[in-house]
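J.: One structure follows; several queries about it will come next.
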Amino acid sequence: MFSAVLDDVILFRDCIAAISELIDEGLFKIKQDGIRLLAADRAVVAVVDFKFGSENFKEYNYQQDANMGLNLQSLLQVLRRAKSSDVLAMKLEESRLILALKGAGTRKFTLPLLELHEEVPPGIEKLSFPAKVEIMSEVLADGIKDASLVADSVVFEISADRFIMRAEGSASSVELELPKDSDAVKLITTKEARARYSIEYLEKMIKARRISDVATLAFDTNYPMKLTFSSGERVTMSFILAPRVEE
C-alpha cells in the first residue's frame, strides 16, 4: 500500500512530540505530496494542521491515497527509541504500521491501525486572520514563559508600530513590547487587534518551534489565533486556538 524511508527521523519525532501535546489519536492522510494530519483536541479548543512533505523522505512509495489512524503516544514511544544516525523505514499494511529503525542493526516495531475519523470544528478552513506578525520563535517562547509566571492567559496586541504580549495576575504583571524596527519581529499587517489566549495551550504549541526559527502569529480582536511554524514546503505545523473572550 505505502512505504517510505526517512533519514531525518529526529525531525519527524520532534513533530510528533509537539502534536502529541494536544492530540491523543490522529488520522494521518497519505497523499502524493506527503503526509497530513488535521485534528482537534478533545476539548475542541485547539486544532493542529500538520504537513510533512514527500521530499523529506529518501524513498516515498505512493500508490494511492490512504488513511493511517494511530495512537500518537505509541508512535512517539517508538520514535524516541531512534538514534540520530538511524534511518526510519515505514510500511503500511491493511491493519498495521510497521516501523523499522536501521542502524547497527534493524529494530522492528508494529503499531495497530485505529478506526478514526477526521473530526474538525466546522468553518476552520474559512477562518481569516487580518492581523499578522512574524516573530523569532525563541522570543515568543520567552514571552509565553514570562507570562506564565503571573497568569494563566496572555493578551496579544498588534498596532501599526508594535507588537505586545501582556499578562496580569492579582498583584503582578509582565509585558513584552517589540517595536516594528526590532530585529525579532516583522509586522505583516497594520490592522490593530487585541485578544487573550490560554497560556497552557500556548506552552504546548510553542514546542513545535524546532521546526523553524521564525513563527507566524495571526489573529484578530477576540478571535481565534493561528500559530504557524514552517520550513518551506518540507514541514508546516499550524495551530488554531480559540480565544478567551473578555467581557
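Start counting the sequence shown at 72; every next residue gets the next number (my numbering). Just so it is clear, CB atoms sit at the ideal spot from N, CA and C, and this is done for glycine as well. Fair warning: this is a prediction, and the values are worked out from it, not measured in the lab.
#1: Take E271 as the anchor and find which of D85, D78, R84 and L93 has the nearest alpha-carbon.
#2: Could you check where the beta strand (DSSP E) with A200 kicks off and where it finishes?
#3: Drop a sphere of 10 angstroms on the beta-carbon of K129, count the other beta-carbons inside from all chains shown, and report buried for 16 or more, exposed for fewer.
#4: Using a Cβ-Cβ cut-off of 6 Å (strictly less than) and excluding sequence neighbours within five positions of S394, which residues of its own chain qualify?
#5: Would you call K203 buried or exposed, if buried means 16 or more other Cβ atoms sit within 10 Å of its Cβ?
#6: State buried or exposed for G214, treating a residue as buried only when at least 16 other CB atoms are found within 10 Å of its CB.
#7: Are there 16 or more other CB atoms within 10 angstroms of the CB of M236, so buried, or fewer, so exposed?
#8: Where do the ends of the alpha helix (DSSP H) carrying A212 lie?
#9: Looking only at C-alpha atoms, which of A313, S230, M139 and E196 sits nearest to A264?
#10: Helix, strand or coil: which one does DSSP assign to M161?
#11: How would you label L220, buried or exposed, when you count the other beta carbons within 10 angstroms and need 16 or more for buried?
T.: This is what the structure gives:
#1: Locating residue 271 in the sequence shown gives position 200, where the first residue counts as 1. Looking at the Cα atoms, L93 is the closest of the given residues.
#2: Working through the sequence shown from its first residue, we reach residue 200 at position 129. Looking at the sequence provided, one finds Phe at residue 200 rather than Ala. Careful: F200 lies outside any beta strand (DSSP E) and carries neither H nor E.
#3: If you number the sequence shown from 1, residue 129 lands on position 58. Classified as exposed, K129 has fewer than 16 neighbouring CB atoms from the shown chains inside 10 Å of its CB.
#4: Nothing can be reported for residue 394, as the shown portion of the chain is limited to 72 through 318.
#5: The residue you call residue 203 lines up with position 132 of the sequence shown. Buried is the call here.
#6: Translated into the one-based positions of the sequence shown, residue 214 becomes position 143. Taking all protein chains shown into account, G214 has 16 or more neighbouring C-beta atoms within 10 Å of its C-beta and is therefore buried.
#7: Position 165 of the sequence shown, counted from the first residue, corresponds to residue 236. Flag for M236 reads buried.
#8: For the purposes of this step, residue 212 is taken as the residue at position 141 of the sequence shown. For A212, the enclosing alpha helix (DSSP H) covers residues S208 to S219.
#9: To locate residue 264, count along the sequence shown from 1; it is residue 193. Of the listed residues, the one whose Cα sits closest to A264 is S230.
#10: For the purposes of this step, residue 161 is taken as residue 90 along the sequence shown, with counting starting at 1. Looking at M161 - three-state DSSP - the assignment turns out to be strand.
#11: The residue given as residue 220 occupies position 149 in the sequence shown. Exposed: under 16 other Cβ atoms inside 10 Å.
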